[in-house]
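Trainee: In our numbering, the protein residues as written are 110 to 169. Dropping the structure in here first, questions after.
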């Protein structure tokens, strides 16, 4: 005879644990999302100015 597992309580517990783990990290997640948004906003501006992120050197 096989043992049947209750799947829905396992999924619910997993989501609950994931949410509880994300709550303390929420400010960091928001900060990284803001940084990613600013970066993606800045990429077209860099190409419009004729600058490139690749091959930049300090010595000129």
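C-beta atoms are modelled at their ideal positions from N, C-alpha and C, and glycine is treated no differently.
Under 6 Å Cβ to Cβ from residue 151, same chain only, skipping five residues before and after it: list those, please.
Mentor: As a first step, residue 151 is located in the chain shown; it is residue number 42 there, counting from the start. Here the set comprises nothing.
Trainee: Report all residues from its chain with a CB closer than 7 Å to the CB of residue 169; omit the five preceding and five following residues, and keep chain order.
Mentor: Along the chain shown, read from residue 1 onward, the residue named residue 169 stands at position 60. For residue 169, the pLDDT reaches just 49, beneath the cut-off of 50, and the residue's location in the model is therefore unreliable, although a value from the coordinates is still provided. So the list is empty, once near-sequence residues are dropped.
Trainee: Does DSSP classify residue 113 as helix, strand or coil?
Mentor: For this step, residue 113 is matched to residue 4 along the chain shown. Residue state, collapsed to three classes: coil.
Trainee: Consult DSSP for residue 133 and reduce its assignment to one of helix, strand or coil.
Mentor: As a first step, residue 133 must be located in the chain shown, where it is residue number 24. Looking at residue 133 - three-state DSSP - the assignment turns out to be coil, as it is neither helix nor strand.
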